[in-house]
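*Asks:* Supplied in structure tokens, the structure appears directly below.
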Amino acid sequence: MKRIMKPKFVASIVGAFVACAALLNGTDARSDATEQKSATSVYGYIPPDQIEFLSTPERIVSIASSSGSPAAIWETLEHGEKVECLECIAPVAKLLYDANAETREIAAWWLRRRIFGVFGPGEVYEQTLKTLKGDADPKRRAYAAEALGEFLAKPGIDACGAAVTADPDPAVRVAAANALGRLHDDAGGALTKALTDGDANVKIAALGSGVRINGWTGVAHVAPLTGDGDPLVRRRAVQVLDTLQAKGSVASVIALAKSDPDPEVRLSACHALGVFHDPSARPVLEQIAASDSNSFVRDQARIALRRL
């Protein structure tokens, strides 16, 4: 018995053939003009050679090996995100030590997406670990720490933890502290230990990274930094206490709001007191709102009073 196909089924088959033919011809099968968007409507008047191209291995090697602009390097590597190219790895790896911070970042971003040639024994990642551990140039060690943060791989945690507590150069310790924040790990207390570093920038970096780590155990060590000799450290410490809503530090923050010589520190302290919602701060905030020498601090004290 001969089967008779239903009209709807026939229409769907015809539609499929039309769609396939349209794709082969490079056209859109949809007939509804409202759903069709020209290149101009999507991209504006961008030259065609700049629209959604994929970087070739040859271009990646060329741009990574030349002294191209950071913008050109970013564009090339971003458009080559999924391009597997073993011969590209060595030139891109050299960019991890480029003078431009954005170039170093995009190089690490591209490298960490490789399936082959980066994370094996003796390859780029292991070389970066060795550079952080023992290179004679502190700048290269600092750049290696940055790269390990961007690689987002577990071995970098211990390496950066060791660097933040033991490297003799403060710039390397700063880079290692920042990398631990990127890796979201305290490295077994190394980041907390960095809060007692003799360099203010290291302490600031450790505070910035610590606040990014869920369940960070170093919170109890932040309040003592409200008495640090550097106003930038005091202000960053107050901001971290504010962000973490560390209400147990209210007495230290009240002291800063009341008498710190730096108006930026007093302003941050007033904001934190408003976040803490602790009634014991009311008398001090009222006094500050009425008599602080800085108008911005007075305004912040009034705002904090509204939040109690």
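Counted the way mature numbering (1 follows the signal peptide of the UniProt record, and there is no 0) counts, the sequence shown spans residues -21 to -1, 1 to 287. Yeah, the Cβ is synthetic: ideal placement off N, Cα and C, and Gly gets one too.
1. For the stretch 191 to 198 against the stretch 235 to 255, are there 3 or more C-beta pairs whose distance is under 8 Å?
2. With H, G and I counted as helix, E and B as strand and the rest as coil, what does DSSP make of residue 221?
3. Is residue 180 close to chain C, meaning its C-beta is less than 8 Å from at least one C-beta of that chain?
4. Please list, in chain order, all residues of the same chain as residue 283 whose beta carbon is under 6 Å from its beta carbon, the five residues on each side excluded.
5. Taking contact to mean at least 3 C-beta pairs separated by less than 8 Å, is the stretch 129 to 136 in contact with the stretch 155 to 168?
6. Helix, strand or coil: how does DSSP classify residue 144 here?
7. Going by beta carbon distance, what residues of the same chain come within less than 7 Å of residue 279, once the five residues before and after it are set aside?
8. Going along the chain, which residues of its own chain have a beta-carbon closer than 6 Å to the beta-carbon of residue 166, five neighbours each way excluded?
9. Whole angstroms is fine: what's the gap from residue 272's alpha carbon to residue 243's?
10. Nearest CA to the CA of residue 286: which residue from 261, 274, 73, 275?
11. In or out: residue 48 buried (at least 16 other Cβ within 10 Å) or exposed?
12. Within the same chain, show all residues whose beta-carbon is closer than 8 Å to that of residue 37, passing over the 5 residues directly before and after it, in chain order.
13. In chain order, which continuous runs of the alpha helix (DSSP H) of length 4 or greater are located wholly inside the stretch 132 to 201?
14. To the nearest angstrom, how far is it from the Cα of residue 149 to the Cα of residue 118?
*Replies:* If we stick to the structure as given:
1. no
2. helix
3. The displayed structure is made up of one protein chain only, and chain C is not part of it.
4. 249, 252, 253, 264
5. yes
6. helix
7. 246, 249, 250
8. 136, 140, 159
9. 12 Å
10. 261
11. exposed
12. none
13. 134 to 145, 149 to 162, 169 to 172, 179 to 189
14. 11 Å
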